[in-house]
Every structure is written in C-alpha cells, then in structure tokens.
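Participant:
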Amino acid sequence: MEVTTITTTTTARESKRAVRKHVNPCSDHTHTLEGLKHVTDTHQFPEDEEPNILGHGTPVEEKADPLTTEKLMKLKTLLNFEDAPDHLKFNPYIRRGYRTFLSTKLCLQSVFWWTNETINIWSHLFGCLLFICLTIFDFQFLQAHADVSDQVLVVCLLVCFCLCMLLSSIYHIFSCKSEEHYDFFLSVDFLGICLSLVAIYISGMYYAFWCFKTLRLVYSVIALCMFGLAMMVQIPKLNVSLDAKIAVLVLCAAYGIIP
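In my numbering, the protein residues as written are 241 to 499.
#1: Take the Cβ of N356 as the centre, count every other Cβ of all protein chains shown within 10 Å, and call the residue buried at 16 or more, exposed below.
#2: Which of the three DSSP states, helix, strand or coil, is assigned to L342?
#3: Could you spell out the range, first to last residue, of the alpha helix (DSSP H) harbouring G496?
#4: Where V458 and M445 are concerned, what is the direct C-alpha to C-alpha distance, given to the nearest angstrom?
#5: Given this structure, state the Cα-to-Cα distance separating Y411 from M471, to the nearest angstrom.
#6: Starting from the Cα of D429, find the closest Cα among I462, H364, W354, K417 and give me that residue.
#7: Are the CB atoms of S415 and L426 within a distance shorter than 8 Å?
#8: Could you tell me whether any Cβ in chain C is nearer than 8 Å to the Cβ of Y411?
#9: Quick one: using the 10 Å Cβ neighbour count with 16 as the cut-off for buried, is T317 buried or exposed?
#10: How many Å lie between Y333 and N320 at the Cα?
#11: Rounded C-beta distance between C368 and M405? I'm assuming under 8 Å.
#12: Locate the alpha helix (DSSP H) running through I502, then write down its first and last residues.
#13: Mind checking who L319 pairs with in its DSSP beta bridge?
#14: Would you mind stating whether S535 and L397 have Cβ atoms separated by less than 8 Å?
#15: Relative to the C-alpha of V438, which candidate in S460, Q380, K345 has its C-alpha closest?
#16: Under a three-way DSSP split, which group does K453 fall into?
#17: Quick one: residues in its chain with C-beta nearer than 8 Å to the C-beta of L348, no 5 flanking neighbours on either side, listed in chain order?
#18: The alpha helix (DSSP H) with F330 in it runs from where to where?
#19: Thinking C-beta only, is T340 closer than 8 Å to P325?
#20: Compare the beta carbon distance of I547 and S409 with 8 Å and say whether it is the shorter of the two.
#21: Give the C-beta separation of F401 and S350 to the nearest angstrom, bearing in mind that I take them to be a contact with Cβ-Cβ under 8 Å.
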C-alpha cells in the first residue's frame, strides 16, 4: 500500500512538471501582439483621410489654384453665338466671346478679359481720357486768348464728347447683365451720341452764322428740339421700337448735312 501511494504521488508531480515545461512563458505576450496586429489590420482610413502620428485621420483638402479658378469662371461666362441670349445676337459674324448675365462685379472684371466687347470698351475709355486731356489743355489756352462765350462753347463741346465716350463705354461694359439692362444702357449710349451731335451743331452754327444771328438762333432751336425728340423715344413707358430709335438718331445725324 505504501509503494502504491508513493508511485501515484510521483506520477502526479511528474505530470505537472511536464505541463509546466510545455507552456511557453511568452505565450501571453505573443497573443497580445497578435491581437494588436489584428486591430491594426482591420482599421481602414477613409479615402479622403490620411493617418498622422497619433493614429487619427485628418481630411485631405485639395486647394484650387486661383488662376485656374479664374480661367474656369471666364470659360463658364463666355458663350458662343449659338448659346448667347437673343438680345445679344444682333451680329451673326461675331461667333464667340459673349458675356451673359454677369453681376456688376464681374462686369467690371470683364473689362480686363478678352471678349467680343474688349475693343469697344477700351477704345471708348481711351477716347474719354483723350477728350478730358484736351478739355483741360484747351481751357487753359482759351483763358488767355478767347472771350468768355468762346470758352463756354468749346468747353461744353469737349465735355459732351467726354460724356459720349464715357456713356458708350458704360453701355459696352454693363449691357450683358440682363435684357432689361441691355435696353437701358443702349438708351444711355444713344444719349451720349445725341449729346455729341447737338454740341457739334450748336458750336458749328454759332460760328457759321456769325453774321446771321436770326438764322443761328433758328437752327440752334431746331437742333435742341431734335435732341429732345431723341431723348423722348428712349423713355421705356412709350415702348418705342428699336428701329424707330435708330431712325430718329439717323435723322439727327442727317440734320447736320441737309439744311
């Protein structure tokens, strides 16, 4: 009985030692690393994020080039003849570069774009600047060599020329905002043209009929009446057609030749 008990106890102790030898002392650490690896492999960052050193995702922002954005804006706002609004399609030979429905800010910026109105805008702006310089120079010259009546007449003539150039440039800049703005600024353009015509007529008659004061007065009054007629047809409430407006403008221009 004693031998059997000792043998059983020895066998149990040897089994425990065998189990202890089989167990890897680093097994817990190995399982921990495998778990972390599994967590790392399973975390996927979204396509629009990138990881940082803290392990958090930061959004990737694409910064647009300002020059590229400006070019795209120009391309979107410039149309071909086929895509332009009907009120701008009065010249079928101009096939591209139409500005349409721009804001006031974009209209001003479009002065520096290359469009179908670029030459019209800058030619009138330079003309306005030229007449301003001539007005200043001539006024200084006339103060020393001319009477007050001559000074007033010449300065009024040059100021009307300045207004004609300025109003025409305003028309070419802002006429693309809408159809209503187009009609309004076209009337403004007609106003400038009529101002320059009546200034030419009155100044010419003033010196041409120097010895015929009665004829000078009659022709000057007729010129002023025609100017009033040209302004009257521009009133929106009268709803005068464009052909009628052009006819009145041609009549005003012909008045300087026919009489």
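Heads up, the beta-carbon is just placed ideally off N, CA and C, and yes, glycines get one too. Since the model is a prediction, treat every value here as computed from it, not as a measurement.
Facilitator: Let me lay it out:
#1: To locate residue 356, count along the sequence shown from 1; it is residue 116. It is buried - the Cβ of N356 has at least 16 other Cβ atoms within 10 Å.
#2: Translated into positions along the sequence shown, residue 342 becomes position 102. Look at L342 here: in three-state DSSP terms it is coil, with no helix or strand label.
#3: One-based indexing of the sequence shown puts residue 496 at position 256. First-last for G496: undefined, no H or E at that position.
#4: As a first step, residue 458 must be located in the sequence shown, where it is residue number 218. As a first step, residue 445 must be located in the sequence shown, where it is residue number 205. Distance from the CA of V458 to the CA of M445, rounded to the nearest whole angstrom, comes to 10 Å.
#5: Sequence index remark: in the sequence shown, residue 411 carries index 171 (1-based). Sequence index remark: in the sequence shown, residue 471 carries index 231 (1-based). The alpha-carbon atoms of Y411 and M471 are separated by roughly 16 Å.
#6: What you label residue 429 is simply residue 189 of the sequence shown in a count that begins at 1. Comparing Cα positions, the closest option is H364.
#7: What you label residue 426 is simply residue 186 of the sequence shown in a count that begins at 1. What you label residue 415 is simply residue 175 of the sequence shown in a count that begins at 1. Against a cut-off of 8 Å, the Cβ pair of S415 and L426 comes out as a contact.
#8: You won't find chain C in this structure, because it holds only one protein chain.
#9: The residue you call residue 317 lines up with position 77 of the sequence shown. Counting Cβ neighbours within 10 Å, T317 comes out buried, since at least 16 surround it.
#10: In the sequence shown, residue 333 corresponds to position 93, counting from 1. In the sequence shown, residue 320 corresponds to position 80, counting from 1. Roughly 11 Å between the two C-alpha positions.
#11: For the purposes of this step, residue 368 is taken as residue 128 along the sequence shown, with counting starting at 1. For the purposes of this step, residue 405 is taken as residue 165 along the sequence shown, with counting starting at 1. Indeed, because the Cβ distance is near 4 Å, the residues count as touching under 8 Å.
#12: With the chain running from 241 to 499 in the structure shown, residue 502 is simply not present.
#13: Position 79 of the sequence shown holds residue 319. Within the DSSP bridge table, the entry for L319 names Y338 as partners.
#14: Residue 535 lies beyond the range of the chain shown here (241 to 499); nothing can be said about it.
#15: If you number the sequence shown from 1, residue 438 lands on position 198. Minimum Cα-Cα distance from V438 among the listed residues S460, Q380, K345 corresponds to S460.
#16: Along the sequence shown, read from residue 1 onward, the residue named residue 453 stands at position 213. Reduced to three states, the DSSP call for K453 is helix.
#17: The residue given as residue 348 occupies position 108 in the sequence shown. When the five nearest sequence neighbours on each side are left out, the beta carbons in the same chain lying within less than 8 Å of the beta carbon of L348 are those of I413, in order along the chain.
#18: Position 90 of the sequence shown, counting from 1, holds the residue named residue 330. If you look at F330, you'll find it isn't in any alpha helix (DSSP H); DSSP assigns it neither H nor E.
#19: Numbered from 1 along the sequence shown, position 85 holds the residue referred to as residue 325. Numbered from 1 along the sequence shown, position 100 holds the residue referred to as residue 340. Yes, Cβ-Cβ distance for P325 and T340 is below 8 Å.
#20: In this structure the chain extends from 241 to 499, so residue 547 is not present and cannot be described.
#21: Position 161 of the sequence shown holds residue 401. Position 110 of the sequence shown holds residue 350. Under the criterion of beta carbons closer than 8 Å, F401 and S350 do not qualify as touching, at roughly 25 Å.
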